[in-house]
Structure formats: structure tokens, C-alpha cells
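Residue numbers (the working numbering): -18 to 435. For each residue, glycine too, the CB sits at the ideal point set by N, CA and C. In what follows, a structure is listed as C-alpha cells, so that the remarks can point back to it.
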């Protein structure tokens, strides 16, 4: 069967690309072997943020006496109800996506696993499909290290199916996924222990931010063990015993549940990419150029499978880049993108661009503006003074190099810096701007008046 274009996967890049191709009179085949919407809709952003919202409400209800609010009789957390709300929101998103794809006369939605036969053909459900251009949007999945085969471990996907709060949740991995689940389940009522093999949490961030998060978590009675390399787990009665290679503390820890938050791997192995001559890197990600073309000129790779960003917003930007190459001004490219993301812990951590470690390694002369949240009036009024703000400015250009914020609302006001970086303007534009009082973001102009050498 011949089509103008084939799209494999329905994550954040595939469906909008299908719609754009269809709008431009392409006859498009879209393949999906699992649930429509990819990781974000089904097991990522959408479900986890519903859980974060529930956990936040539980925490505020329990910790509002200083504000004059008393929850007499205690707080009850019903994980089954939380899950039900999550499932409803997911189904709404999934149904909307199905309607969009199935109602377009130029789009054929094919349920099944597509595998390359050659550079122009794929096979699915015993049939051959051919197209002049092919777009791969197959995403990634949880990485499972060796040594855990004997136990019923959880991943970021399966933990969302629990209907009872774990008694003691052990989390292997102190990155963003592990931290989000650790805090939310502590707030649901679980005892939580986070095991991290490095000497700090969030190893991509500067050390002081990781240290701040440890303090925040420990105040919520979340146990954090650093320099703790997990080497396996086994059953111990009705418990799970995790074995640890560590310098301090017990080499074993027992819990009722085990979550592996140890990174992700691309879903590229079963695609038959070798039959199409598509090159991979050492980790299995599809190699792409600045326009997201693979080593085969008419085949593109978008989203998590290309290793150029493991976020929903970068996957959608991949669609924008490809769409601009096909139908736009061709001015969008991968190299124009600034890395930005947030860890949706409470308070959230948000970052764009370079941090102090990056700047030092690059040998760039820079200045830094910093502010503890304890000096932010709005944060004090809210009673949420944990964290800090840091902004980095290049001396020679006076432009933003990056920023890292840890504090209430950081995932929102980081965009003040993100937008200015894309505008390519001097930091003085923001420094001289008038922001609304009382807000946290009003401190950004104030901070920029007090730059110091990094």
C-alpha cells in the first residue's frame, strides 16, 4: 500500500506532523503499536502532574497551622480515587487524539508495530506499506539495570497503576523522576528511601541545588542515601531487600515496594533500522542532523528516540523544526534550541541553558546574580522560602547564558529568562523592566542590578 508519508508513533511530534502533512494534501499512514499519545499522555507528564497536584493538596492540608488553618480529624489519602482522576484525564486526552487522527480523510491510523523492510517500506500486521518520506517518533522506555530480575519492581509506568499507598517505597535513582515520585508518595503517606549512586542528587545540576533538595526532602522525612550503588534486589518474605554497595550505612535495606528510576532507553531496537541503513549512536539513539534527518535523507527521527531532548516540549519542537523545513521558512533548526526543563518537585527546580559548571568547563567569562528565596517578599508571604535563584550573564555580550531556579513557582517564571534568551537581547532589557509586585519574578530585574564575577 502506497502513501505519501509514513509516521511511526503517536507521541508529541507524530500527531501534529500528521495533521500538518494532511493539511498539505499528503496521504499519511500513522502507525501505533500501543496507546495513542505516547509517554507524555499515558505514563509521563499528564498522569504524574495529576499525582503531584493531589500530593500538594495533601501536604498543604497537613501543614497549614502556621497560616491559621487546622485540619481536625486528620487527612485521608485515597490512592484509588487519585488514580481514577488520573485515568479520566488521560482518557480525555487519548480520545481527543483518536478523534483527530481518525476523522481526517488524509490520515490512515494503523494499529500495529511497524518494522522497516528497506528505506522506503515498512511491514506491519503482515502487510507492506510504502512512502516517499518516513518519520520516526517511537519514544523511549524505562531502563532496567541487571540484578532486579527476582523481584516485582515498579517503573514510572507501573507505579501509576497502584491503588494502595506503599508502606515503604524504596527508589533507586536520585534524578528528576525518582525525586518526583519520592516526594509525592511521601505526601501520600509512604515511608520513602531514595538511593543514589552519585555523591549528590540531580547530577546535572550544580552541587548547591542538589544539597538544597536533600535538605528539603529530609525536612519531609524522606530518607536520602548518597554514594549508594544498588547492585540488586531479592525477595525477603513479603518484603524486597535491596543490596547496596555503599561507603556508609547498611548494605541492605528492606521495603514493601521498589521503584527503578534509573534512566531511559530509546525504543529503536525492534524497528529493523538496519534494513533501512539508519545509523544509531552507541546508546541506540537515532543519529540526526540539524534538521532532524537521519543518515537516510528522506527519513526523519523526532522525539525521545533521537537523543536530542527527552522532554515533551523538545519533541513538539522537533515537529516544528521538521514542519518548517517542509512547509515553512526553513529557519528552525536543532542548533537554535536552548535546553530547558523543570523537575516538578515542591518547590520546583527549573533550568535553562548553562549552569556554573558548564560555564567553567567552557572557559567563558561570566557574571552571576543570585538570591535566596528567603529574601523574596512574595515567598515569605506564602510561607514558602526554600530554594534559591541564580542567573548567569556573559561578560562580553551582556546576554543570558542560563539560569537555575529552585523555589515556589520556578517552573513558570523561568520563562522570563527563556524568552529573553530566544530574543537575543541584553540582560539590561529585563533589568530595566517593571514587574508586578508582589511576585517572585519581580526579583529577576533586582537581581540583575547586582551582578558579581562568577
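Quick check on DSSP: helix, strand or coil for residue i?
i	result
residue 436	With the chain covering -18 to 435 only, the question about residue 436 has no answer from this structure.
residue 295	helix
residue 220	strand
residue 352	strand
residue 369	strand
residue 129	coil
residue 409	helix
residue 197	helix
residue 318	coil
residue 157	helix
residue 22	helix
residue 145	coil
residue 401	helix
residue 306	helix
residue 47	helix
residue -17	strand
residue 416	coil
residue 73	helix
Kindly indicate which residue of the options has the alpha-carbon position closest to the one of residue i.
i	options	result
residue 298	-14, -15, -8 and -17	-8
residue 160	4, -6 and 242	242
residue 117	-14, 129 and 356	-14
residue 122	145, 432, 266 and 71	266
residue -2	282, 278 and 415	282
residue 229	367, 178 and 236	178
residue -11	221, 67, 103 and -18	103
residue 322	399, 35, 355 and 339	399
residue 325	407, 162 and 354	162
What does the Cβ neighbour count give for residue i, buried or exposed, with the cut at 16 atoms within 10 Å?
i	result
residue 45	exposed
residue 61	exposed
residue 152	buried
residue 285	buried
residue 164	buried
residue 76	exposed
residue 395	buried
residue 126	exposed
residue 114	buried
residue 410	exposed
Given a cut-off of 7 Å, decide if residue j and residue i are closer than it, judged by their beta-carbon atoms.
i	j	result
residue 336	residue 295	no
residue 217	residue 223	no
residue 120	residue 19	yes
residue 429	residue 343	no
residue 193	residue 387	yes
residue 146	residue 170	yes
residue 426	residue 368	no
residue 389	residue 362	no
residue 256	residue 98	yes
residue 212	residue 226	yes
residue 168	residue 47	no
Please confirm if residue i has its CB atom under 7 Å from at least one CB of chain E.
i	result
residue 33	Protein chains in the displayed structure number just one, and chain E is not present.
Requested in this report: Please confirm if the segment 4 to 15 is in contact with the segment 82 to 95, defined as three or more CB-CB distances below 8 Å between the two stretches.
Outcome: Result yes; three or more Cβ-Cβ pairs closer than 8 Å.
Query raised in the report: If we count Cβ pairs, one from each stretch, closer than 8 Å, do we get three or more for the segment 194 to 213 versus the segment 173 to 183?
Result: With the cut-off at 8 Å, the segment 194 to 213 and the segment 173 to 183 touch.
Query raised in the report: At a cut of 8 Å, does the segment 309 to 325 reach the segment 269 to 289 through at least three beta carbon pairs?
Result: Touching, yes.
Query raised in the report: Is the segment 327 to 336 touching the segment 414 to 423, taking contact as three or more C-beta pairs under 8 Å?
Result: Two segments are said to touch when three or more pairs of C-beta atoms, one from each, lie closer than 8 Å; by this definition the segment 327 to 336 does not touch the segment 414 to 423.
Requested in this report: May I ask you to verify whether the segment 64 to 73 touches the segment 16 to 32, counting CB pairs closer than 8 Å and requiring at least 3?
Outcome: Touching, yes, given that three or more Cβ pairs across the two stretches are closer than 8 Å.
Report task. Report yes or no: do the segment 190 to 200 and the segment 236 to 250 share at least 3 C-beta pairs separated by less than 8 Å? Result -> They do not touch, by the three-pair rule.
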